[in-house]
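Trainee:
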Amino acid sequence: MTTETGIGAAVKRREDFRFLTGRGTYTDDINRPHQAYGYILRSPYAAAQITGIDTSKAKAAPGVIAVLTGADYDKGGLPCGWQIHSKDGSPMIEPAHPPLCKDQVRHVGDQVALVVAETYAEAKDAAELIEVDYKELPAIISTAKASEDGAPQVWPEAKNNICFDWHIGDKAATDAAFAKAHHVTKIDLVNQRLIPNAMEPRSAVGDYDRATGDYTLYTTSQNPHVIRLLMGAFVLQIPEHKLRVVAPDVGGGFGSKIFHYAEEALVTWASGKVGRPIKWTAERSEAFISDAQGRDHVSHAELAMDKDGKFLGLRVNTIANMGAYLSTFAPCVPTYLHATLLAGVYTTPAIYAEVKAVFTHTVPVDAYRGAGRPEATYLLERLVAKAARDMQMDQVEIRRRNFIPKDAFPYQTPVALQYDSGDYEATLDLALQMSKWADFENRRAEAAKRGKLRGIGISTYLEACGIAPSAVVGSLGARAGLYETGSIRVHPTGSVTVFTGSHSHGQGHETTFAQLVSDGLGIPLENVEVVHGDTAKIPFGMGTYGSRSLAVGGSALVKAMDKIIAKATKIAAHLMEAAASDVEFKDGNFTVKGTDKSIPFGQVALTAYVPHNYPITELEPGLEETAFYDPLNFTYPGGTHICEVEIDPETGITQVVNFTAVDDVGRVINPMIVEGQVHGGLAQGIGQALLERCVYDEDSGQLLTGSYMDYTMPRADDLPSFQVATHGTMCTHNPIGAKGVGEVGAIGSPPAVINAVIDALAPLGIEDMSMPATPLKVWQAIQSAPKKMSAA
Amino acid sequence: MPTVRMTVNGRAVSGEIEARTLLVHFLRNQLGLTGTHVGCDTSQCGACVVHVDGTSIKSCTLLAIQAEGAEVTTIEGLATGDELHPMQAAFREHHGLQCGFCTPGMVMSAVDLVKTNPDPSEQQIREGLEGNICRCTGYHNIVKAVKAGAKAMNAGAMKG
Ligand code: FES
Ligand code: FES
Chain A
28 MTTETGIGAA
38 VKRREDFRFL
48 TGRGTYTDDI
58 NRPHQAYGYI
68 LRSPYAAAQI
78 TGIDTSKAKA
88 APGVIAVLTG
98 ADYDKGGLPC
108 GWQIHSKDGS
118 PMIEPAHPPL
128 CKDQVRHVGD
138 QVALVVAETY
148 AEAKDAAELI
158 EVDYKELPAI
168 ISTAKASEDG
178 APQVWPEAKN
188 NICFDWHIGD
198 KAATDAAFAK
208 AHHVTKIDLV
218 NQRLIPNAME
228 PRSAVGDYDR
238 ATGDYTLYTT
248 SQNPHVIRLL
258 MGAFVLQIPE
268 HKLRVVAPDV
278 GGGFGSKIFH
288 YAEEALVTWA
298 SGKVGRPIKW
308 TAERSEAFIS
318 DAQGRDHVSH
328 AELAMDKDGK
338 FLGLRVNTIA
348 NMGAYLSTFA
358 PCVPTYLHAT
368 LLAGVYTTPA
378 IYAEVKAVFT
388 HTVPVDAYRG
398 AGRPEATYLL
408 ERLVAKAARD
418 MQMDQVEIRR
428 RNFIPKDAFP
438 YQTPVALQYD
448 SGDYEATLDL
458 ALQMSKWADF
468 ENRRAEAAKR
478 GKLRGIGIST
488 YLEACGIAPS
498 AVVGSLGARA
508 GLYETGSIRV
518 HPTGSVTVFT
528 GSHSHGQGHE
538 TTFAQLVSDG
548 LGIPLENVEV
558 VHGDTAKIPF
568 GMGTYGSRSL
578 AVGGSALVKA
588 MDKIIAKATK
598 IAAHLMEAAA
608 SDVEFKDGNF
618 TVKGTDKSIP
628 FGQVALTAYV
638 PHNYPITELE
648 PGLEETAFYD
658 PLNFTYPGGT
668 HICEVEIDPE
678 TGITQVVNFT
688 AVDDVGRVIN
698 PMIVEGQVHG
708 GLAQGIGQAL
718 LERCVYDEDS
728 GQLLTGSYMD
738 YTMPRADDLP
748 SFQVATHGTM
758 CTHNPIGAKG
768 VGEVGAIGSP
778 PAVINAVIDA
788 LAPLGIEDMS
798 MPATPLKVWQ
808 AIQSAPKKMS
818 AA
Chain B
-8 MPTVRMTVNG
2 RAVSGEIEAR
12 TLLVHFLRNQ
22 LGLTGTHVGC
32 DTSQCGACVV
42 HVDGTSIKSC
52 TLLAIQAEGA
62 EVTTIEGLAT
72 GDELHPMQAA
82 FREHHGLQCG
92 FCTPGMVMSA
102 VDLVKTNPDP
112 SEQQIREGLE
122 GNICRCTGYH
132 NIVKAVKAGA
142 KAMNAGAMKG
């Protein structure tokens, strides 16, 4: 196919025209006839009993249609999609999660009432007239202290607030490795809580049609079918054929729009009750206290080494905060998406990890870009950097010495995963060269002359994504399959509509998937249209998260194309009076091997729909195929991130002056989009390392970082331009060779940044720095440093 | 309820509004111009930037009645028919957008930035866009796009 639009071409995005001209259709842009508006009254307390609710004044307020509370709600609670079992075999504690609280609230922002009115302002005004009597209770916020004796209890059934106490790996083998260690490096780390902050606030429009009994939900979701299944089957008991979920243009997700949220169920349910469409859109301050948050781990880790710095064993103990309720995929994040990654790119033969998940009176925590894998990478790469300092080894050398060699694949780790491919030396070498690593000491000396502390940090990381083989995740507790679907509809004139279960909320599938299909079928790009995000249009699909769209969703399309080509080949063979086995398909033409007999794809398409001369006894007319693709394994992107910082000791401000990322993401369809994905991930990773932190008041449980005045989002002048490159080894088990790119930036970068900060501060005798390395924290560390800066 | 009149994208419009209605809500809800977005409630994100009398302004910080008689340009009014404004074209060319949610505000801010500083450096672009948050792109390609957009705008101005 033409190289300008095929696989590997930096095709400009087809979705951009509508976004650039203000013609996108985001959920809040959708208005239904006779639409009413919903406002949700939320708990002002982290923990309180509701002793009474009086809605009479609110009901009488202008424009109010309904005021609904927990007493009115007669449907199910929000389900959790993953069940973890504790070490002792007992299932995790899974508390009820009603969309409206009845007797008790468990975090600031918990839903108490839904007001439906003619306008949004009227609904909001009326909510102020609802009188709720609360009896405030003591709250537990701290991850580290949640399971201490005497801590306030979030749930009576979760003793010491423990949701589960899980482990993985071989404890005895790990103990034995530590017993023969030459040196053990230990580290304590906090992976702070983050707030995802997609720029489009969540929104939902519920629309019940009395005439047909059908419900439609328009929602800001990464996976409309998952919402339909969870909300239809578990929460509202609406059969799937009577429920349509549309996720139109979605303004970023980063994980936070995977989950099924209370508001989706509430507007859908209430729409049926009042007989009007109802729109709810979060204000940003509501998003801060109702969108699932990310990370929040407290960990201790130990690495055993022999005298040459070879890793012998790794022990990890993590406490993970779940928040007040279990969000849809929360339990898998600190377990199977975290602890299974602890081998990283290294040959560590024995690993044992324990993960205790705790409830606190905070907003639920779930997957946020990377989900568990950034936590694992941060832990491992901080630990390896410290190990190198302990052993007085070079940061690069210690990594090389422990890399899984490129001829060792497939490689079985001691924590369940089998890596299919990779070349960690190659990505490292390229990153060293691009970052001018070898000359760094000159730059450090030059910066010192200007009174600046310059440091360099490295992270050689790996992630598991392309989520996921259904049977494998099923055996680990997933309550869903994680395949993807794709349909290809060839129209009579040879143009094609592609229906994918993947969802694009910035990733550019309308372009990438069109390139894939245009290339596969040998037809011009403009003849391919990609449809996603509507359960009434697409086959049952699992959506977009875990860097799975191309590796899993794209593979489903390849499988569907295989079926199209197989059928089309038979039609072409009939037309050319040849045996199907003698016909080959290439560049959009069917040719009888060894002859010049050839017919184009378009003619075969037309024949399929106008079957006058057709093998009708063997073949149905039409040319449309659907495929479900269930991956055989996870995919394993990896690479090297190198960060260079300069710290102003007078102010403590850390500036990222260079950032190099070399990532192995497997096959690249559109390099422009791939680079963009890496840039965005890096910004979020650097944001975590230097700027972002979700803070609750430990006593009252109030969110202190509840707006953009308090929660530091990375802005243009906080970040540098990035140097990014890819170096691909192909995924061996999917038909594209793609590994995934959505999360690499956010996974690999935080430890590179913090390792650079520590390297910059090391001359002062500073050995530790926690995230985010804010100016205040860095300045204080410099003030109390064991050594002073030498005069330049 | 008071009536407000203004010119939006070259068209005279009027509407009855509650006095507390913000300009952004008037544009979105009453005029159906949903290209202007709301990303926050503290005037921090810039998703709502439009031009009022030729200057970029966060339309969530202005009451609609304060724009009485003003010339307002929204993202819908920037292109000429199907021909993108040079800044829009540069965002497309340099992949300066992903989910597109911050994009209208980002483009409107960038156009104003270049009007006041026709040849901005990378640092000036980064500082100039400080009031616009993008969660998707890491700003790398936005900066490239604004640089290219500035060049194209200048070339266009010279021709024009
Ligand atoms: S909506 Fe965020 S600044 Fe106006
Ligand atoms: S493109 Fe998504 S927020 Fe900027």
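Protein sequence lines correspond, in order, to chains A and B.
Counting with our numbering, you get residues 28 to 819 for the letters of the first sequence.
Counting with our numbering, you get residues -8 to 151 for the letters of the second sequence.
We put the CB at the ideal spot given by N, CA and C, even for glycine.
(1) Looking at the C-beta of serine -2 of chain B, does it have a partner C-beta in chain A at a distance below 8 Å?
(2) Any beta carbon from chain B within less than 8 Å of valine 277 of chain A's own beta carbon?
(3) Given a cut-off of 8 Å, decide if glycine 282 of chain A and alanine 206 of chain A are closer than it, judged by their beta-carbon atoms.
(4) Can you pull the DSSP bridge partners for isoleucine 483 of chain A?
(5) Please report the straight-line C-alpha distance between threonine 345 of chain A and proline 519 of chain A, rounded to a whole angstrom.
(6) With a Cβ-Cβ cutoff of 8 Å, do serine 169 of chain A and isoleucine 189 of chain A count as a contact?
(7) Check whether the region 338 to 357 of chain A touches the region 303 to 310 of chain A, counting contact only when three or more Cβ pairs, one atom from each stretch, lie closer than 8 Å.
(8) When you compare only the Cα positions, how much space is there between methionine 28 of chain A and glycine 615 of chain A?
(9) So which of B:Val15, B:Arg11, B:Met(-8) has the shortest CA-CA distance to valine -1 of chain B?
(10) Kindly indicate if chain D contains any beta-carbon less than 8 Å away from that of glutamate 227 of chain A.
(11) Can you find at least 3 beta carbon pairs, one from the region 325 to 333 of chain A and one from the region 258 to 272 of chain A, that sit closer than 8 Å?
(12) Taking all protein chains shown into account, do 16 or more other C-beta atoms lie within 10 angstroms of the C-beta of threonine 94 of chain B, making it buried, or fewer, making it exposed?
(13) In the DSSP assignment, find the beta strand (DSSP E) that holds glutamate 511 of chain A and state where it starts and stops.
(14) Quick check on this structure: which residue in A:Glu677, A:Gln542, A:Ala783, A:Thr52 has the alpha carbon closest to the alpha carbon of valine 273 of chain A?
(15) Whose Cβ in chain A lies nearer than 7 Å to the Cβ of histidine 42 of chain B?
(16) To the nearest angstrom, report how far apart alanine 819 of chain A and lysine 479 of chain A are at their CA atoms.
(17) Please report the residue range of the alpha helix (DSSP H) in which methionine 816 of chain A lies.
(18) By the criterion of Cβ-Cβ separation under 9 Å, what are the contact partners of threonine 71 of chain B in chain A?
(19) Please report how far the alpha carbon of lysine 138 of chain B lies from the alpha carbon of aspartate 110 of chain B, in whole angstroms.
(20) Relative to chain A, which residues along the region 83 to 95 of chain B have a C-beta separation below 7 Å, given in chain order?
(21) Taking C-beta to C-beta, are tryptophan 153 of chain A and alanine 88 of chain A nearer than 8 Å?
(22) Using only the alpha-carbon positions, how far apart do methionine 699 of chain A and isoleucine 48 of chain B sit?
(23) Output needed in chain order: residues of the region 707 to 735 of chain A with a Cβ under 7 Å from some Cβ in chain B.
(24) Between leucine 659 of chain A and cysteine 492 of chain A, what straight-line distance do the alpha-carbon atoms span, to the nearest angstrom?
(25) Under 8 Å between beta-carbons, which chain B residues line up against histidine 532 of chain A? List them in chain order, please.
(26) For ligand 2, any of its heavy atoms closer than 7 Å to the Cβ of glutamine 89 of chain B?
(27) If we call anything under 8 Å between Cβ atoms a contact, is valine 360 of chain A one with glycine 399 of chain A?
(28) At a threshold of 7 Å, does phenylalanine 191 of chain A count as lining ligand 2 (C-beta to nearest heavy atom)?
(29) How about valine 159 of chain A and isoleucine 80 of chain A: are their beta carbons less than 8 Å apart?
(30) Whole angstroms is fine: what's the gap from arginine 59 of chain A's alpha carbon to alanine 37 of chain A's?
(31) Write down every uninterrupted run of the beta strand (DSSP E) in the region 300 to 368 of chain A whose length is 3 residues or greater and which is fully enclosed by it, in chain order.
(32) Output yes if chain B places a C-beta closer than 8 Å to the C-beta of tyrosine 395 of chain A; else output no.
(33) Name the DSSP bridge partner or partners of phenylalanine 386 of chain A?
(34) What residue does the beta strand (DSSP E) around asparagine 218 of chain A start on, and which one ends it?
(35) Going along chain B, which residues have a C-beta under 8 Å from aspartate 234 of chain A?
(36) So which residues on chain B does phenylalanine 820 of chain A lean against when the C-beta distance must stay under 7 Å?
Mentor: In brief:
(1) For the sequence presented, residue -2 of chain B should be read as threonine rather than serine. Residue-level contact check: threonine -2 of chain B does not touch chain A, since none of the beta carbons of chain A fall below 8 Å from its beta carbon.
(2) So, interface residue.
(3) Not a contact, by the Cβ cut-off of 8 Å.
(4) Answer is A:Glu671.
(5) It is roughly 58 Å from the alpha-carbon of threonine 345 of chain A to the alpha-carbon of proline 519 of chain A.
(6) Judged by their CB atoms, serine 169 of chain A and isoleucine 189 of chain A are not nearer to each other than the 8 Å cut-off.
(7) Contact between the region 338 to 357 of chain A and the region 303 to 310 of chain A is absent, because fewer than three Cβ pairs lie under 8 Å.
(8) Because methionine 28 of chain A carries a pLDDT of 44, less than 50, the predicted location of this residue cannot be relied on, and no value is offered for it.
(9) The shortest Cα separation from valine -1 of chain B among B:Val15, B:Arg11, B:Met(-8) belongs to B:Val15.
(10) The structure shown contains no chain D; the protein chains it does contain are A and B.
(11) No: the two stretches stay apart, fewer than three of their Cβ pairs being nearer than 8 Å.
(12) A residue is called buried when at least 16 other Cβ atoms come within 10 angstroms of its Cβ; threonine 94 of chain B meets this threshold and is buried.
(13) Counting along the chain, the beta strand (DSSP E) containing glutamate 511 of chain A begins and ends at 511 to 517.
(14) Comparing Cα positions, the closest option is A:Thr52.
(15) The premise fails here: histidine 42 of chain B is roughly 13 Å from chain A at the closest Cβ pair, so nothing lies under 7 Å.
(16) Unreliable placement is indicated for alanine 819 of chain A, whose pLDDT of 45 sits below 50; no coordinate value is reported for it.
(17) Unbroken run through methionine 816 of chain A: none, as it is neither H nor E.
(18) In chain order: nothing, as chain A lies at least about 11 Å away.
(19) Counting only the Cα atoms, aspartate 110 of chain B lies some 8 Å from lysine 138 of chain B.
(20) The residues in question are Arg83, Glu84, His86, Leu88, Gln89, Cys90, Gly91, Phe92, Cys93, Thr94, Pro95.
(21) It is worth fixing the name first, because residue 153 of chain A is alanine in this sequence and not tryptophan. For alanine 153 of chain A and alanine 88 of chain A, yes; Cβs fall inside 8 Å.
(22) Taking C-alpha positions only, methionine 699 of chain A is separated from isoleucine 48 of chain B by approximately 31 Å.
(23) Only those residues of the region 707 to 735 of chain A whose C-beta falls short of 7 Å from the nearest C-beta of chain B are listed: Gly707, Leu709, Ala710, Ser734, Tyr735.
(24) Rounded to whole angstroms, the separation of the alpha carbons of cysteine 492 of chain A and leucine 659 of chain A is 12 Å.
(25) Those within 8 Å of histidine 532 of chain A in chain B are Cys90.
(26) For glutamine 89 of chain B, the CB falls within less than 7 Å of some heavy atom of ligand 2.
(27) The Cβ-Cβ distance between valine 360 of chain A and glycine 399 of chain A falls below 8 Å.
(28) Phenylalanine 191 of chain A: no, Cβ never under 7 Å from ligand 2.
(29) Their beta carbons are under 8 Å apart, which means valine 159 of chain A touches isoleucine 80 of chain A by this criterion.
(30) Cα atoms of arginine 59 of chain A and alanine 37 of chain A: separation of roughly 38 Å, rounded to the nearest angstrom.
(31) Here the runs fully enclosed are 305 to 308, 321 to 332, 338 to 350.
(32) Chain B contact via Cβ: absent.
(33) Phenylalanine 386 of chain A is bridged to A:Gly350.
(34) Here the beta strand (DSSP E) through asparagine 218 of chain A covers 210 to 221.
(35) Result: empty, since nearest Cβ-Cβ is about 18 Å, beyond 8 Å.
(36) Outside the shown range of chain A (28 to 819) lies residue 820 of chain A, about which nothing can therefore be said.
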